[in-house]
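Written out below as structure tokens is the structure these notes cover.
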Amino acid sequence: MLKLNGILNRLFDVLLILIGAALAYQIRFSDSATSGTAAIGASTTAFSVALSLGVFHAFRVYDDQSKKSLGSLLGQITMAWATTQLCGLLVTFYIHRADLVSRLWFGYWTFMTAAALALSRLIARAVLARARHAKSNLRSVAIVGASANCDALIRKMESSVDSGFHAVMTFDPHATYHVPNAVIPRYASAHTLVRHIRTDNVRELWLAMPLSEQPLITRLVEEFRNDLINIRFFPDVRSLSLFDGGVIDLIGMPAINLVASPLSPLALANKDIFDRVFAALALMLLSPLMLVIALAVKLSSPGPVFFTQRRKGADGQVFRIFKFRSMSMHSHDEGTVKQATRNDPRVTRVGAFLRRTSLDELPQFINVLMGDMSVVGPRPHAIEHDALYQTVVDDYIHRYRIKPGITGWAQVNGFRGETDRIEKMQGRVDHDLYYLRNWSFALDMRIVAATILKGLRHSNAY
């Protein structure tokens, strides 16, 4: 059931769309409108309103806005509205009514409503920033350092109204006793700090220490190397010349990302916009082929058309991945997943063709449109395999600092299919980390092109 807040957001967006259509109609026609143009405009507007409810939901426009960057937020609502209008325009062409719709009115309406929807998000973000000042929707932070350094960071946090951070505990390595009942608890033991960070689900660890504390810094980084926690180092400004890069501005102070996503919020927003547009176009163009595949799967063996499985996405969030079913229905032990092997008897004849050509992956464009996946990124693995590989493959966890992809740098370089040896998985992870460190829009285009040209067939896919 939709929460009241979600219902109100949807009603407000519908209201903005209706107001935009009415204002555009007034600007375009003034007093020269006829009953015919009014009827066509009303029906077109009603169709777009109904369509927007589904498209905006698919683009996750109404998800928690506090977890999105401003660029991602504006890009998301703009692309959702553009997709709505594009779909509406395609429908009018299909039913041969495009000539009855005023192009000037449609253009005015599209741009005016886009501006209104974006402005409403900016206003909402400003209100949310004020709410953050009242200690709501904040990202919890544990600070390590001498009391004076911790206090300085806390004061900066509290003065940065829209920073989105809130200190929940500190650790002074030179303190001799705990102060657990303070407004912000202080601990004097690294072991106690680690335990509270994990039990309280703290997502940020800030190290405000001099470089002479390198052993403690190394210990904490090693401790959380397999946890999805952002670890940031706040050095003495005089020591910044020792670092070649990685220095960022956070709450108005210099910080160095020791363990964090290498992609900036702007890069992630641009990547997300590209993903949504690409997925929407791909689903429209490939829908006839997907219908044929769905029919073939249904006729090949009893069972559903789609195979779904729980996978981990960005920041370790679990989602359900979609594939065309390529195996006959079979039982398996709870908590175990057996990878497909060569001449696997579970794979149907249709499924074997789909797996060799990667056509079984096409429904994952739905996951991309929903925001769970990217077009390009590290391939997601079954959660049961994650639990194994995370303990035996170096830096495996860092694959989940961005969204998983339908295709990736590892796949176009031959690391695809069964991973029956740890060396194969280590090679796949090494390629995934290379992609993370060297991401660019050009690299994504190169991977997409390579997937189309040589990735549709591969000897390791069975």
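Everything in the sequence shown is counted per my numbering, starting at 1299 for the first residue and increasing by one. All residues carry an ideal CB built from backbone N, CA and C; glycine is no exception.
Check	Outcome
Residue closest to GLN1688, alpha-carbon to alpha-carbon, out of SER1510, LYS1610, MET1588 and LYS1701	LYS1610
Expected contact under 8 Å - CB spacing of ALA1440 and ILE1515 to nearest Å	Actually they do not touch by this definition, with Cβ atoms about 14 Å apart.
Exposed unless 16 or more other CB atoms sit within 10 angstroms - verdict on THR1497	exposed
ASP1570, DSSP secondary structure in three states	helix
Unbroken stretches of the beta strand (DSSP E), 3 residues or longer, contained in the segment 1492-1535	1502-1506 and 1528-1531
GLU1721 classed as buried or exposed, judged by whether at least 16 other C-beta atoms fall within 10 angstroms	exposed
Sequence-distant residues of its chain with Cβ nearer than 6 Å to ASN1307 (five each side left out)	TYR1360
Classification of GLU1786 by the beta-carbon crowding that lies within 10 angstroms, buried from 16 upward	What is shown of the chain runs 1299 to 1760, which leaves residue 1786 out entirely.
Selected residue, minimal CA-CA separation from LEU1451, among ALA1740, PHE1531 and LEU1581	PHE1531
Contact check, ARG1493 vs ILE1695, beta carbons under 9 Å	no
Which residues DSSP lists as bridging MET1668, in chain order	Paired residues: none, contrary to the question.
Spatially closest choice to LEU1579 from ALA1322, LEU1388, LEU1314 and ILE1325, by CA coordinates	LEU1388
Validate contact between the segment 1661-1681 and the segment 1733-1747 using beta carbons, cut 8 Å, 3 pairs	yes
Pairwise C-alpha distance: ILE1482 and ALA1762	No answer is possible for residue 1762: it lies beyond the span of the chain, which begins at 1299 and ends at 1760.
Cβ pair count under 8 Å reaching 3, the segment 1474-1489 against the segment 1497-1511	no
Segment contact flag, the segment 1732-1739 with the segment 1542-1562, C-beta cutoff 8 Å, min 3 pairs	yes
ALA1422 versus LEU1372, ASP1693 and PHE1409, residue with shortest Cα-Cα distance	LEU1372
From VAL1710, HIS1679, LEU1321 and ALA1685, residue whose alpha carbon lies closest to that of PHE1409	LEU1321
Segment limits, beta strand (DSSP E) that includes MET1551	1551-1557
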